[in-house]
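Participant: Residue numbers (my numbering): 47 to 224. Before I ask anything, here is the structure I am working with.
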(Lines of atoms letter the chains of each structure in order from A and count residues from 1; the text may use other names and numbers.)
(Lines give C-alpha, C1' and ligand atoms only; values in the text may rest on other atoms or scores of the structure.)
Protein backbone atom coordinates (compact mmCIF):
# COMPACT_ATOMS: atom_id res chain seq x y z
CA UNK A 1 0.00 0.00 0.00
CA UNK A 2 1.29 3.50 -0.82
CA UNK A 3 0.44 6.54 1.29
CA UNK A 4 1.95 9.93 0.39
CA UNK A 5 4.66 8.26 -1.67
CA UNK A 6 5.69 5.81 1.09
CA UNK A 7 5.26 2.08 0.61
CA UNK A 8 3.81 0.43 3.68
CA UNK A 9 5.21 -3.04 4.34
CA UNK A 10 2.44 -4.14 6.69
CA UNK A 11 -1.25 -3.87 6.02
CA UNK A 12 -2.81 -0.86 7.66
CA UNK A 13 -6.37 -1.04 8.88
CA UNK A 14 -7.67 2.52 8.81
CA UNK A 15 -9.35 3.68 11.98
CA UNK A 16 -11.64 6.67 12.20
CA UNK A 17 -8.74 8.57 13.78
CA UNK A 18 -6.44 7.70 10.86
CA UNK A 19 -9.06 8.68 8.30
CA UNK A 20 -9.68 11.99 10.08
CA UNK A 21 -5.94 12.69 10.27
CA UNK A 22 -5.42 11.96 6.57
CA UNK A 23 -8.48 14.00 5.60
CA UNK A 24 -7.43 17.01 7.67
CA UNK A 25 -3.90 16.89 6.22
CA UNK A 26 -5.24 16.60 2.67
CA UNK A 27 -7.49 19.61 3.32
CA UNK A 28 -4.52 21.55 4.71
CA UNK A 29 -2.42 20.71 1.64
CA UNK A 30 -5.23 21.61 -0.75
CA UNK A 31 -5.59 24.99 0.93
CA UNK A 32 -1.95 25.85 1.61
CA UNK A 33 0.35 24.10 -0.90
CA UNK A 34 0.26 26.60 -3.78
CA UNK A 35 0.27 29.62 -1.49
CA UNK A 36 3.18 28.22 0.53
CA UNK A 37 5.18 27.39 -2.61
CA UNK A 38 4.64 30.89 -4.04
CA UNK A 39 5.49 32.56 -0.73
CA UNK A 40 8.71 30.57 -0.39
CA UNK A 41 9.58 31.23 -4.05
CA UNK A 42 9.21 34.95 -3.38
CA UNK A 43 11.18 34.76 -0.14
CA UNK A 44 14.06 32.91 -1.83
CA UNK A 45 13.68 34.64 -5.19
CA UNK A 46 13.83 31.20 -6.77
CA UNK A 47 10.77 29.36 -8.03
CA UNK A 48 12.16 25.81 -7.90
CA UNK A 49 13.70 26.28 -4.46
CA UNK A 50 10.33 27.60 -3.26
CA UNK A 51 8.53 24.54 -4.61
CA UNK A 52 11.10 22.17 -3.11
CA UNK A 53 11.00 23.96 0.26
CA UNK A 54 7.19 23.80 0.28
CA UNK A 55 7.25 20.08 -0.53
CA UNK A 56 9.79 19.44 2.23
CA UNK A 57 7.81 21.54 4.72
CA UNK A 58 4.61 19.64 3.93
CA UNK A 59 6.40 16.29 4.19
CA UNK A 60 7.66 17.29 7.63
CA UNK A 61 4.20 18.55 8.55
CA UNK A 62 2.77 15.14 7.64
CA UNK A 63 5.33 13.37 9.85
CA UNK A 64 4.15 15.51 12.80
CA UNK A 65 0.59 16.22 11.70
CA UNK A 66 -1.07 15.20 14.97
CA UNK A 67 0.95 17.91 16.72
CA UNK A 68 1.17 20.50 13.90
CA UNK A 69 -2.58 20.40 13.30
CA UNK A 70 -3.13 21.70 16.85
CA UNK A 71 -0.98 24.82 16.33
CA UNK A 72 -2.65 28.22 16.05
CA UNK A 73 -1.01 28.70 12.64
CA UNK A 74 0.04 25.42 10.97
CA UNK A 75 0.74 27.35 7.74
CA UNK A 76 3.13 29.59 9.67
CA UNK A 77 4.91 26.53 11.02
CA UNK A 78 5.22 25.15 7.48
CA UNK A 79 6.49 28.52 6.19
CA UNK A 80 9.20 28.61 8.87
CA UNK A 81 10.20 24.98 8.18
CA UNK A 82 10.37 25.78 4.45
CA UNK A 83 12.50 28.87 5.11
CA UNK A 84 14.89 26.95 7.35
CA UNK A 85 15.20 24.09 4.88
CA UNK A 86 15.78 26.46 1.97
CA UNK A 87 18.39 28.50 3.87
CA UNK A 88 20.21 25.30 4.71
CA UNK A 89 20.17 24.28 1.07
CA UNK A 90 21.49 27.68 -0.01
CA UNK A 91 24.31 27.47 2.55
CA UNK A 92 25.30 24.04 1.27
CA UNK A 93 25.51 25.34 -2.26
CA UNK A 94 27.63 28.29 -1.04
CA UNK A 95 26.12 30.74 -3.48
CA UNK A 96 22.99 32.83 -3.75
CA UNK A 97 20.49 31.37 -6.19
CA UNK A 98 18.89 34.17 -8.19
CA UNK A 99 16.65 33.56 -11.19
CA UNK A 100 13.86 35.37 -12.97
CA UNK A 101 10.61 34.98 -11.05
CA UNK A 102 8.53 37.50 -12.97
CA UNK A 103 6.98 35.24 -15.65
CA UNK A 104 5.11 33.04 -13.18
CA UNK A 105 3.30 34.65 -10.29
CA UNK A 106 0.15 32.61 -10.30
CA UNK A 107 0.10 32.45 -14.10
CA UNK A 108 -0.56 36.18 -14.46
CA UNK A 109 1.85 38.53 -16.19
CA UNK A 110 2.70 41.14 -13.55
CA UNK A 111 2.32 44.84 -14.23
CA UNK A 112 5.42 46.99 -14.73
CA UNK A 113 5.16 48.28 -11.14
CA UNK A 114 5.22 44.72 -9.84
CA UNK A 115 8.35 44.00 -11.87
CA UNK A 116 10.09 46.93 -10.17
CA UNK A 117 9.04 45.65 -6.75
CA UNK A 118 10.23 42.12 -7.58
CA UNK A 119 13.53 43.48 -8.84
CA UNK A 120 13.93 45.52 -5.64
CA UNK A 121 13.11 42.42 -3.55
CA UNK A 122 16.04 40.62 -5.19
CA UNK A 123 18.40 43.10 -3.53
CA UNK A 124 17.19 42.23 -0.02
CA UNK A 125 18.59 39.49 2.18
CA UNK A 126 16.58 36.30 2.53
CA UNK A 127 15.55 37.33 6.06
CA UNK A 128 14.27 40.68 4.81
CA UNK A 129 12.45 39.12 1.84
CA UNK A 130 10.89 36.59 4.23
CA UNK A 131 9.33 39.30 6.43
CA UNK A 132 8.12 41.34 3.44
CA UNK A 133 6.52 38.26 1.87
CA UNK A 134 4.96 37.12 5.14
CA UNK A 135 3.55 40.54 5.99
CA UNK A 136 2.30 41.68 2.59
CA UNK A 137 1.94 38.60 0.35
CA UNK A 138 0.62 36.26 3.04
CA UNK A 139 -1.12 39.16 4.82
CA UNK A 140 0.05 38.12 8.28
CA UNK A 141 0.00 40.49 11.23
CA UNK A 142 3.32 41.28 12.88
CA UNK A 143 2.44 38.82 15.66
CA UNK A 144 1.64 36.05 13.15
CA UNK A 145 4.84 36.85 11.28
CA UNK A 146 6.92 36.63 14.47
CA UNK A 147 5.28 33.34 15.39
CA UNK A 148 5.78 31.86 11.92
CA UNK A 149 9.46 32.85 11.82
CA UNK A 150 10.12 31.84 15.42
CA UNK A 151 11.45 35.28 16.39
CA UNK A 152 10.35 37.80 19.02
CA UNK A 153 7.67 40.28 17.93
CA UNK A 154 10.11 43.19 18.38
CA UNK A 155 12.62 41.51 16.08
CA UNK A 156 9.95 40.91 13.45
CA UNK A 157 8.84 44.54 13.67
CA UNK A 158 12.37 45.97 13.41
CA UNK A 159 13.34 43.55 10.64
CA UNK A 160 10.22 44.53 8.71
CA UNK A 161 11.00 48.22 9.22
CA UNK A 162 14.58 47.82 7.94
CA UNK A 163 13.41 45.69 5.03
CA UNK A 164 10.84 48.31 4.03
CA UNK A 165 13.47 51.07 4.23
CA UNK A 166 15.81 49.10 1.98
CA UNK A 167 12.99 48.24 -0.40
CA UNK A 168 11.93 51.89 -0.60
CA UNK A 169 15.52 52.97 -1.23
CA UNK A 170 15.83 50.48 -4.11
CA UNK A 171 12.50 51.58 -5.58
CA UNK A 172 13.25 55.32 -5.26
CA UNK A 173 16.76 55.13 -6.64
CA UNK A 174 16.44 52.35 -9.17
CA UNK A 175 18.49 50.03 -6.99
CA UNK A 176 21.31 52.52 -6.26
CA UNK A 177 21.90 53.52 -2.65
CA UNK A 178 22.99 57.07 -3.30
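Using N, Cα and C, we set each Cβ at its ideal position, and we do this for glycine too. This one's a predicted model, so the numbers in the text were calculated from it and none came from an experiment.
What is the residue span of the alpha helix (DSSP H) that residue 175 lies within?
Facilitator: Boundaries of the alpha helix (DSSP H) around residue 175: 172-178.
Participant: Looking at C-alpha atoms only, which residue of 113, 90, 85 and 66 is the closest neighbour of residue 170?
Facilitator: For the residues 113, 90, 85 and 66, the minimum Cα distance to residue 170 belongs to 90.
Participant: Decide if residue 132 is buried, meaning its Cβ has at least 16 other Cβ atoms within 10 Å, or exposed.
Facilitator: buried
Participant: How is residue 122 classed by DSSP in three states: helix, strand or coil?
Facilitator: helix
Participant: Relative to the C-alpha of residue 168, which residue among 87, 197 and 189 is closest?
Facilitator: 87
Participant: Within the same chain, show all residues whose beta-carbon is closer than 7 Å to that of residue 179, passing over the 5 residues directly before and after it, in chain order.
Facilitator: 85, 88 and 89
Participant: Would you call the region 94-110 and the region 119-139 touching, i.e. three or more CB-CB distances under 8 Å?
Facilitator: yes
Participant: Look at the alpha carbon of residue 98 and the alpha carbon of residue 198, and state the distance between them as a whole number of angstroms.
Facilitator: Between the C-alpha atoms of residue 98 and residue 198 there is a straight-line separation of about 27 Å.
Participant: Would you kindly work out how many angstroms separate the C-alpha atoms of residue 101 and residue 195, rounded to a whole number?
Facilitator: 18 Å
Participant: Under 9 Å, do residue 137 and residue 174 count as touching if we go by C-beta distance?
Facilitator: No, the Cβ-Cβ distance between residue 137 and residue 174 is not below 9 Å.
Participant: Quick check on the burial criterion: 16 or more other C-beta atoms within 10 angstroms. Buried or exposed for residue 219?
Facilitator: exposed
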